[in-house]
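S.K.:
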Amino acid sequence: MNGHKLTQLLKIDYPFIQGGMARVATGLFAAQVSNAGALGVIGSGSMEPQHLEAHIADCKAHLEEGRTWAVNLMMMNPHCDDLVDIIIRERVPVVTTGAGSPSAYVERLQAAGCQVWPVIASPLMAKRMARLGVDGLIVEGCEAGGHVGSFTTLALLPQVLATVDLPVVAAGGIATGAQALAVFAMGAVGIQLGTLLLAAEECPIHDNYRARVLQAKIEDVVTIGRIAGTATQLLKNPMSRAYVKMERSGADWEALERYSLGGLAKAVIEGDQDAGAMMVGQSVGLVQEVKPLAAIFADLMRDTDQAMRRLTDEWEAEGPWKSTDTD
Numbered sequence: 023m024n025g026h027k028l029t030q031l032l033k034i035d036y037p038f039i040q041g042g043m044a045r046v047a048t049g050l051f052a053a054q055v056s057n058a059g060a061l062g063v064i065g066s067g068s069m070e071p072q073h074l075e076a077h078i079a080d081c082k083a084h085l086e087e088g089r090t091w092a093v094n095l096m097m098m099n100p101h102c103d104d105l106v107d108i109i110i111r112e113r114v115p116v117v118t119t120g121a122g123s124p125s126a127y128v129e130r131l132q133a134a135g136c137q138v139w140p141v142i143a144s145p146l147m148a149k150r151m152a153r154l155g156v157d158g159l160i161v162e163g164c165e166a167g168g169h170v171g172s173f174t175t176l177a178l179l180p181q182v183l184a185t186v187d188l189p190v191v192a193a194g195g196i197a198t199g200a201q202a203l204a205v206f207a208m209g210a211v212g213i214q215l216g217t218l219l220l221a222a223e224e225c226p227i228h229d230n231y232r233a234r235v236l237q238a239k240i241e242d243v244v245t246i247g248r249i250a251g252t253a254t255q256l257l258k259n260p261m262s263r264a265y266v267k268m269e270r271s272g273a274d275w276e277a278l279e280r281y282s283l284g285g286l287a288k289a290v291i292e293g294d295q296d297a298g299a300m301m302v303g304q305s306v307g308l309v310q311e312v313k314p315l316a317a318i319f320a321d322l323m324r325d326t327d328q329a330m331r332r333l334t335d336e337w338e339a340e341g342p343w344k345s346t347d348t349d
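Using our numbering, the letters of the sequence shown correspond one by one to residues 23 to 349.
#1: If I'm right that residue 308 touches residue 198 with Cβ under 8 Å, what's the distance once you round it to whole angstroms?
#2: Let me confirm a value: residue 322 is counted as buried when at least 16 other C-beta atoms fall within 10 Å, else exposed. Which label applies?
#3: Can residue 64 and residue 112 be called in contact, C-beta distance under 7 Å?
#4: Output yes or no for whether 7 Å exceeds the beta carbon distance between residue 149 and residue 175.
#5: Just to confirm my understanding: we take residue 264, look at its own chain, exclude 5 residues before and 5 after, and list those with CB closer than 8 Å. What are they?
#6: Assuming contact is defined by CB atoms lying nearer than 7 Å, are residue 260 and residue 296 in contact in what I supplied?
#7: Does residue 247 come out as helix, strand or coil in the three-state DSSP assignment?
#8: Enumerate in chain order the residues of its own chain whose CB-to-CB distance from residue 90 is below 7 Å, with the five nearest sequence positions on each side excluded.
#9: Output yes or no for whether 7 Å exceeds the beta carbon distance between residue 326 and residue 166.
#10: In three-state terms, what does DSSP make of residue 77?
#11: On the premise that residue 169 lies in contact with residue 254, defined as a C-beta separation below 8 Å, what is that separation, rounded to the nearest angstrom?
#12: Of all the beta strand (DSSP E) runs that stay within the bounds of the region 182-259, which reach a length of 3 or more residues?
#13: Can you check which of these residues, 137, 133 and 181, is closest to residue 143 by C-alpha distance?
#14: Shortest alpha-carbon distance to residue 70 belongs to which of 86, 257, 107 and 319?
#15: Would you decide whether residue 331 is buried or exposed? Buried here means 16 or more other CB atoms lie within 10 Å of its CB.
#16: My guess is that residue 158 and residue 191 are in contact by the Cβ rule of under 8 Å, so how many angstroms apart are they, rounded?
#17: When you compare only the Cα positions, how much space is there between residue 120 and residue 109?
#18: Bridge partners for residue 19 per DSSP, in chain order?
#19: Can you give the Cα-Cα distance for residue 278 and residue 194, rounded to whole angstroms?
#20: By DSSP, does residue 85 sit in helix, in strand, or in coil?
#21: Leaving out five residues before and five after residue 301 in sequence, what residues of the same chain have Cβ atoms less than 6 Å from its Cβ?
#22: Alpha carbon to alpha carbon, what distance is there between residue 99 and residue 227?
#23: Does residue 120 come out as helix, strand or coil in the three-state DSSP assignment?
#24: Measuring CA to CA, which of 40, 96 and 46 is closest to residue 67?
#25: By Cβ distance below 8 Å, which residues in the same chain neighbour residue 316 in space, the five residues on each side in sequence not counted?
#26: Rounded to whole angstroms, what is the Cα-Cα separation between residue 80 and residue 50?
#27: Compare the beta carbon distance of residue 46 and residue 290 with 7 Å and say whether it is the shorter of the two.
#28: In angstroms with no decimal places, state the Cα-to-Cα distance between residue 83 and residue 52.
#29: Measuring CA to CA, which of 339, 267, 88 and 233 is closest to residue 310?
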């Protein structure tokens, strides 16, 4: 299976990368993910430099020897220059990037021994990243939680793979072994997980947020912000419904930003089910129980293996499409 390549590239046990979820992906959580065998990622989001330094220190304090970890860097953060300086100084092994092109930083990061894996949502962006010489790509479909693009994982992934000669990780809507097998079959070397990890025992979200995740079905997911060009996927609640009404009534971007400001913190920290932005992907209806991270990763690998064996058995069985011609 292709996943073996990612485990070698990143020196991890499982071919899984934790999504750099802002407010959720703390230094401690990243360490716990890495200790469980996947790639733990600190989500720097809109952090100021001193906050990233604190999260890196916390990650290192809890990280087992020899484990690989990462930082997610958002290009729209006004402190990017300072954050990159910190990443280089702290010898972060891997950086994932989002919300823009990392072109200003790729050469410096790689010279410092850091692998660079941008999150992209189109074949065009994949080509641009390949020209920069990045180490790999995380291809995220619109089934993901939080900020999303326009194309589904199933349609996007093979088109990116046909466009660039880079290792590619699939992201967006993946929570089961059968889904994992599908993207591995297409050529992905690994999977980025977000929504599934919201149900981890170690995940530092408010109990109210976790409860909504466990109860939610796919019909409870809504995408807001498409009109303003900031499409974001989350659970339906009074906040999201009011936001959609504002959009449809012609509210400008500034008004929408003011209304939604602090919504993620209200969800993650305060557990506000009415005013919080409870970001989830479309796989949320498949997330039904709380487990330790180690169990989540082991179970997903086992289920992927079982799905492959089941498919192989069914495919090898005699079927009407099989030729009986022995010539």
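Ideal Cβ placement from N, Cα and C applies to all residues, glycine included.
M.R.: This is what the structure gives:
#1: 6 Å
#2: buried
#3: no
#4: no
#5: Around residue 264: 281.
#6: yes
#7: coil
#8: Excluding residues up to 5 positions away in sequence, 32, 33, 34, 56, 61, 115 and 116 lie with their Cβ nearer than 7 Å to the Cβ of residue 90 in the same chain.
#9: no
#10: helix
#11: 5 Å
#12: 190-193, 212-215, 243-246 and 254-257
#13: 181
#14: 107
#15: exposed
#16: 7 Å
#17: Looking at the two C-alpha atoms, the distance is approximately 16 Å.
#18: The requested residue 19 does not occur in the structure, where the chain is confined to residues 23 to 349.
#19: 25 Å
#20: coil
#21: 167, 168 and 256
#22: C-alpha separation (whole angstroms): 23 Å.
#23: Correct three-state label for residue 120: strand.
#24: 96
#25: If you ignore the 5 residues before and after residue 316, its C-beta comes within less than 8 Å of the C-beta of 58 and 59, all in its own chain and listed in chain order.
#26: 6 Å
#27: yes
#28: Distance between residue 83 and residue 52, taken at the CA atoms: about 11 Å.
#29: Check the Cα spacing between residue 310 and each of 339, 267, 88 and 233: the tightest is with 233.
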